[in-house]
Each structure stands twice: as structure tokens, then as C-alpha cells.
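Step one of this worksheet: look at the structure below.
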């Protein structure tokens with residue numbers, strides 16, 4: 001049996017960023033044997049302190065063959081450690097540093113609309129995630145709620161009314177997220193006391209990634225781009241709950257318009273996305 005590929009994941013402490021890196025590492029593990037380690041960095045530290053922390057902690061793990069980083073705070077430690085260990089560097093999301101410094105970059109395709117894609121860049125539909133499409137019979141319907149963002153506003157009254165219309169048909173559950181305003185759950189519970197609600201603080205890590213593949217239908221607030229792509233990866237029928245657009249020309253909004261044009265957000269049956277698996281296969285084939 002071949003030796004496992006050692007993967008070191010650098011985390012800036014943001015769950016969404018760790019979710020992307022873990023999704024890629026786990027996808028690689030479905031292709032070949034891997035051994036993954038997660039190294040948490042203190043993104044609040046000045047760079048020299050953060051680098052010393054990374055070098056010291058990395059010494060406790062097997063020498064990595066691949067190092068994955070997501071988020072600005074991981075970029076310089078990623079480059080430093082990849083050179084120290086002669087490991088392949090993989091940055092997720094387009095970095096602020098020059099792309100040529102990294103062996104691989106995986107970035108959403110909307111970051112390169114109308115631009116030349118460098119040879120070391122692999123574009124993906126949305127951010128990578130840990131969801132694996134389910135094979136069992138799907139049942140259940142879930143509403144996923146985000147909140148105000150750089151690209152979208154928040155109209156709570158309109159959102160609650162729209163959810164009430166959907167809930168009248170029965171069978172729906174609801175889950176909020178870290179960006180959901182504190183006023184939302186009291187408002188929805190007052191309007192729909194019988195609706196089953198999952199508060200993000202009461203669910204364990206990985207709960208949503210495990211639940212999504214079981215579901216037949218999912219509707220996501222339009223601001224929650226990462227959850228939209230998770231839903232599309234799980235293989236459910238996916239639709240969006242409209243939110244006020246603050247920046248209709250933003251790249252992420254244009255990306256949503258593209259997948260809408262593909263018919264992926266019309267609530268119809270579509271082949272699930274498997275972007276983490278696809279990107280993992282491309283990288284491993286180039287090593």
C-alpha cells in the first residue's frame with residue numbers, strides 16, 4: 001500500500017474558511033490515502049508572531065506534502081511553510097498576494113469573468129465545501145437563512161411573510177446562521193410557532209453538511225452564497241429566497257445569475273455539483 005499523502009491545513013479560525021479547506025482535503029482522501037492535520041493560527045497576531053506560531057506548531061506534525069490555506073491570515077505562513085518543507089502550496093479563494101507565488105489556487109469562476117485564467121488556477125462553481133451528495137431516498141425540506149452582507153440587505157418583515165407562505169404548505173424546517181440577526185428567530189417563532197427551527201448555536205459542527213444530502217428540497221436566502229452551493233452539492237431541489245440587493249453588479253451576484261441561467265435554482269432535479277472532488281482530482285493529477 002502506498003504511503004498516505006500528508007496534508008497540513010492552515011486555519012484562520014473562521015469556520016467558513018476551514019469548511020473549504022477540509023472539503024478539499026476530504027475529497028483528496030476519497031481519491032488516495034491521505035493524513036490530514038489542522039493547524040489553527042491566531043489571525044489577530046502580527047505576521048512575525050503568526051509565522052513563529054505556524055513554524056513551531058507544524059513541527060508537531062508529519063512533514064507535509066501539501067499545505068492548504070484559506071483566508072488572508074494564512075497566506076504568508078502557507079508560502080513560508082511550503083518552502084520550508086518543499087510542499088505544494090494550495091490557496092483557496094483568490095489571494096491578495098500574486099497568484100504566481102502559489103503552486104495552485106482554487107477560486108470561484110466569477111473571480112475571473114472576462115479575465116485570463118493562469119495555468120496554476122482552477123476555477124470552481126462557488127466555494128468548496130464538505131457536502132457529499134446522498135445516495136439514499138431524500139425527504140424533508142429545509143429553509144436556510146443568512147442575513148445582511150456586503151452585497152445584500154435585510155428586510156425581516158418581507159422574509160418572515162415569504163416563509164409563512166411556504167410553511168403553509170407543510171413539511172418545512174428552518175435553520176439560521178451566524179449572520180442571521182438576533183431579531184429573526186423571535187419574529188419567526190411568533191408568526192409560526194409550530195415551525196421546527198434549528199438555531200446554529202445549538203447544532204454541532206458538521207451538522208448542516210450531514211443534513212443537506214438527506215433533503216429533498218432546500219431554499220436559501222440569496223445572500224448566503226456558500227449555503228447555496230452546499231445545497232447544490234447535496235443534490236436537493238434548490239431555490240432562493242430573494243433579499244434586497246445592495247450591489248447587483250458584485251461578482252458573487254453575477255455568479256448567482258449564471259447558475260440561475262443554468263436552471264440550478266428553479267427547484268428542479270439537477271445533477272449535484274461535486275466541485276471539491278473535481279478540483280482534488282485535478283490537483284492530484286498534476287502532482
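Residue numbers (my numbering): 1 to 287. Glycine included, every Cβ here is placed at the ideal spot set by N, Cα and C.
So is residue i buried or exposed if we call it buried at 16+ other beta carbons inside 10 Å?
{"i": "residue 20", "result": "buried"}
{"i": "residue 193", "result": "exposed"}
{"i": "residue 171", "result": "exposed"}
{"i": "residue 225", "result": "buried"}
{"i": "residue 199", "result": "exposed"}
{"i": "residue 55", "result": "exposed"}
{"i": "residue 73", "result": "buried"}
{"i": "residue 100", "result": "exposed"}
{"i": "residue 108", "result": "buried"}
{"i": "residue 114", "result": "exposed"}
{"i": "residue 209", "result": "buried"}
{"i": "residue 150", "result": "exposed"}
{"i": "residue 175", "result": "buried"}
{"i": "residue 69", "result": "buried"}
{"i": "residue 264", "result": "buried"}
{"i": "residue 219", "result": "buried"}
{"i": "residue 232", "result": "buried"}
{"i": "residue 137", "result": "exposed"}
{"i": "residue 26", "result": "buried"}
{"i": "residue 254", "result": "exposed"}
{"i": "residue 244", "result": "exposed"}
I think residue i touches residue j, with their Cβ atoms under 8 Å apart; what is that distance to the nearest whole Å?
{"i": "residue 214", "j": "residue 153", "result": "Between residue 153 and residue 214 the Cβ distance is about 32 Å, and since that is not below 8 Å, they are no contact."}
{"i": "residue 131", "j": "residue 196", "result": "21 Å between Cβ atoms; not a contact."}
{"i": "residue 163", "j": "residue 282", "result": "In fact, because the Cβ distance is near 39 Å, the residues do not count as touching under 8 Å."}
{"i": "residue 124", "j": "residue 146", "result": "The pair is not a contact, with the Cβ atoms about 20 Å apart (cut-off 8 Å)."}
{"i": "residue 241", "j": "residue 159", "result": "7 Å"}
{"i": "residue 66", "j": "residue 275", "result": "So it is not a contact: roughly 18 Å between Cβ atoms."}
{"i": "residue 222", "j": "residue 183", "result": "That pair is no contact at about 19 Å."}
{"i": "residue 239", "j": "residue 212", "result": "Incorrect: roughly 14 Å between the Cβ atoms, too far for contact."}
{"i": "residue 8", "j": "residue 37", "result": "5 Å"}
Identify whether residue i lies in helix, strand or coil by the three-state DSSP scheme.
{"i": "residue 158", "result": "helix"}
{"i": "residue 106", "result": "strand"}
{"i": "residue 35", "result": "strand"}
{"i": "residue 265", "result": "coil"}
{"i": "residue 144", "result": "strand"}
{"i": "residue 116", "result": "coil"}
{"i": "residue 273", "result": "coil"}
{"i": "residue 21", "result": "helix"}
{"i": "residue 100", "result": "helix"}
{"i": "residue 229", "result": "helix"}
{"i": "residue 126", "result": "coil"}
{"i": "residue 111", "result": "helix"}
{"i": "residue 252", "result": "helix"}
{"i": "residue 214", "result": "helix"}
{"i": "residue 283", "result": "helix"}
{"i": "residue 138", "result": "coil"}
{"i": "residue 131", "result": "coil"}
{"i": "residue 235", "result": "coil"}
Run through the DSSP bridge pairs and tell me what residue i is partnered with.
{"i": "residue 11", "result": "40"}
{"i": "residue 241", "result": "221"}
{"i": "residue 69", "result": "10, 91"}
{"i": "residue 368", "result": "Nothing can be reported for residue 368: it is not among the residues displayed for the chain, which extend from 1 to 287."}
{"i": "residue 152", "result": "245"}
{"i": "residue 5", "result": "34"}
Ignoring anything shorter than 3 residues, give me the beta strand (DSSP E) runs that lie fully in the segment 163–207, in order along the chain. Given a length threshold of 3 residues, each whole run of the beta strand (DSSP E) inside the segment 163–207 is given here in chain order: 172–175, 196–198.
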